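So in this note's numbering, spot 45 of the sequence shown is number 45, and the numbers just go up one at a time. Every residue gets a Cβ at the ideal spot worked out from N, C-alpha and C, and that includes glycine. All figures in this text were calculated on a predicted structure; none of them were measured in a lab.
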Amino acid sequence: MSTDKRTETVYVAGHQGMVGTALVRALSAAGWTRILTRSHAQLDLLEQAAVTEFLGREHPSRVYLAAAKVGGIHANDSYPADFIYQNLMIEANVMHAAWRAGVERLLFLGSSCIYPRLASQPMSESALLGGPLEPTNEPYAIAKIAGIKLCESYNRQYHTDFRSVMPTNLYGPGDNFHPVDSHVIPALMRKFHEAKVAGKPDVQVWGTGEPRREFLHVDDLAKACLHLMELDPALYATSIDPRVSHINVGTGEDVSIASLARTIAAVVGFSGRICFDPNQPDGAPRKLLDVSLINRLGWHARIDLQNGLAQTYDWFLANQNQFRGRDSGD
Numbered sequence: 001m002s003t004d005k006r007t008e009t010v011y012v013a014g015h016q017g018m019v020g021t022a023l024v025r026a027l028s029a030a031g032w033t034r035i036l037t038r039s040h041a042q043l044d045l046l047e048q049a050a051v052t053e054f055l056g057r058e059h060p061s062r063v064y065l066a067a068a069k070v071g072g073i074h075a076n077d078s079y080p081a082d083f084i085y086q087n088l089m090i091e092a093n094v095m096h097a098a099w100r101a102g103v104e105r106l107l108f109l110g111s112s113c114i115y116p117r118l119a120s121q122p123m124s125e126s127a128l129l130g131g132p133l134e135p136t137n138e139p140y141a142i143a144k145i146a147g148i149k150l151c152e153s154y155n156r157q158y159h160t161d162f163r164s165v166m167p168t169n170l171y172g173p174g175d176n177f178h179p180v181d182s183h184v185i186p187a188l189m190r191k192f193h194e195a196k197v198a199g200k201p202d203v204q205v206w207g208t209g210e211p212r213r214e215f216l217h218v219d220d221l222a223k224a225c226l227h228l229m230e231l232d233p234a235l236y237a238t239s240i241d242p243r244v245s246h247i248n249v250g251t252g253e254d255v256s257i258a259s260l261a262r263t264i265a266a267v268v269g270f271s272g273r274i275c276f277d278p279n280q281p282d283g284a285p286r287k288l289l290d291v292s293l294i295n296r297l298g299w300h301a302r303i304d305l306q307n308g309l310a311q312t313y314d315w316f317l318a319n320q321n322q323f324r325g326r327d328s329g330d
């Protein structure tokens with residue numbers, strides 16, 4: 001990539017979320033000087049006319065579509081209509097407006113939950129649509145699958161350069177530490193922290209602890225996104241399976257939820273008992289991505305789980321006051 005290319009405008013949709021914030025950090029570090037952002041109050045991505053007008057006026061050369069409604073098992077199970085509707089509308093509005101505005105490249109961020117619940121492990125890109133989805137987050141997964149197919153369809157019909165990445169479970173600075181609606185790492189980190197502060201003898205963890213999950217630091221994901229966005233179109237097109245258009249992003253390693261809980265407890269400094277509740281849902285038994293393709297394309301994860309969790313806990317300690325204010329309003 002030439003130095004001049006970095007002076008063009010790049011739009012990060014969802015810049016206030018964990019992924020969007022990491023993308024802005026990575027773009028700035030890589031030398032991009034015109035990073036375009038808008039808060040939800042400034043631009044509602046659910047409003048098609050507003051999105052069309054915005055991208056038509058600003059005309060960015062790159063769009064990173066990181067905006068999404070996200071949450072853990074409880075949130076997905078409680079608000080299925082919100083998850084499918086809002087994610088479908090966001091991706092459809094942004095992609096259609098990007099095509100109309102002549103955006104040079106767009107990168108859509110999906111999720112590993114697009115793969116069948118009982119897909120062969122590790123899950124390769126070709127596993128998509130190979131079986132039933134995990135019921136607890138099916139609406140979200142369906143929306144993300146639709147996003148992949150939107151990219152493919154616009155590329156086929158309009159010869160756009162829309163790309164898709166499917167990250168594994170993410171964590172890191174900027175995560176959502178809501179006590180109910182968060183993902184497993186921030187939820188456990190907050191539970192153990194509050195138990196340590198309160199002197200509680202034990203912490204209860206949802207499920208059996210047996211499911212295995214893969215976790216990727218959000219700064220690693222951001223660097224992967226920049227790497228894939230700037231791949232030569234010919235190299236990108238010839239490197240992937242002709243039947244699919246998305247690329248997995250992960251570490252290629254997984255851990256059990258029980259092992260994860262013990263590691264987080266050690267990072268936080270909680271020394272009490274960890275109790276598992278088998279009456280609560282486990283979700284899919286295992287979710288590990290096949291990352292051989294992105295590794296062949298020159299990217300590898302760099303931040304190991306232990307150090308990444310310690311960094312995330314430091315961020316949580318420095319920002320925990322903001323979570324207390326949010327909890328009562330959710």
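- Sequence-distant Cβ neighbours of Gly250 in its own chain, meaning closer than 6 Å and more than five residues away, are Thr168, Glu214, Leu216, Leu289 and Val291.
- Between the stretch 132-150 and the stretch 201-214 there are fewer than three inter-stretch CB-CB distances shorter than 8 Å, so the stretches are not counted as touching.
- Just so you know, the alpha carbons of Leu128 and Thr37 end up roughly 32 Å apart.
- Around the C-beta of Pro122, 16 or more other C-beta atoms lie within 10 Å, and the residue is accordingly described as buried.
- Annotated as distal: Val268 and Tyr236, with beta-carbon spacing of 8 Å or more.
- The beta carbon of Thr33 sits closer than 7 Å to the beta carbons of Arg6 and Thr7 from its chain, once the five residues preceding and following it are set aside; these are given in chain order.
- Uninterrupted alpha helix (DSSP H) stretches at least 4 residues long and entirely within the stretch 58-106 occur at 73-78 and 80-101, given in chain order.
- About 7 Å separates the beta carbons of Val63 and Val94, which is inside the 8 Å limit, making them a contact pair.
- Between the stretch 169-184 and the stretch 9-29, the count of Cβ pairs shorter than 8 Å is three or higher; the stretches touch.
- Remark: C-beta atoms of Val165 and His74 do not approach each other more closely than 8 Å.
- Contact annotation, Arg273 with Asp181: C-beta distance approximately 25 Å; criterion of less than 8 Å not satisfied.
- In terms of CA proximity to Ala97, Phe162 leads the group Asp77, Cys113, Phe162 and Ala41.
- Going by C-alpha positions, Ile84 is about 13 Å away from Cys113.
- Nearest Cα to Gly110 within the set Cys225, Leu317 and Leu305: Cys225.
- Under the three-state reduction of DSSP, Lys287 is assigned to strand.
- Classified as buried, Asn76 has 16 or more neighbouring CB atoms from the shown chains inside 10 Å of its CB.
- Fully contained in the stretch 176-253 are the following alpha helix (DSSP H) runs of length 4 or more, in chain order: 184-198, 218-229 and 233-239.
- When the five nearest sequence neighbours on each side are left out, the beta carbons in the same chain lying within less than 6 Å of the beta carbon of Arg286 are those of Gln121 and Arg212, in order along the chain.
- In this structure the stretch 130-148 does not touch the stretch 182-190; the number of beta carbon pairs closer than 8 Å is below three.
- Cβ-Cβ separation between Leu65 and Leu106: approximately 6 Å, consistent with a contact (criterion under 8 Å).
- Contact annotation: Leu170 and Leu221 have beta-carbon atoms nearer than 8 Å.
- Residue environment: Asp304 is assigned as exposed (fewer than 16 neighbouring CB atoms within 10 Å of its CB, all protein chains considered).
- Each of Ala234, Ala141 and Pro116 was checked against the Cα of Gly130, and the nearest Cα belongs to Pro116.
- Residue nearest to Trp99 within the set Ala141, Thr52 and Ser271 is Thr52 (criterion: CA-CA distance).
- Counted as a single uninterrupted DSSP element, the beta strand (DSSP E) harbouring Tyr11 occupies residues Thr9 to Ala13.
- DSSP links Arg34 through a beta bridge to Thr9.
- Contact between Leu46 and Met89 holds: their C-beta atoms lie close to 5 Å from each other, under 8 Å.
- Between Ala92 and Ala13, the gap from beta carbon to beta carbon reaches 8 Å or more.
- A direct Cα-Cα distance of roughly 44 Å separates Ser126 from Lys196.
- Counting along the chain, Asn169 sits inside no alpha helix (DSSP H); it lies in the beta strand (DSSP E) bounded by residues Asn169 to Tyr171.
- Going by C-alpha positions, Met229 is about 44 Å away from Ser271.
- Under the three-state reduction of DSSP output, Ile274 falls in the strand class.
- Put simply, the backbone Cα of Tyr154 is about 49 Å away from that of Cys275.
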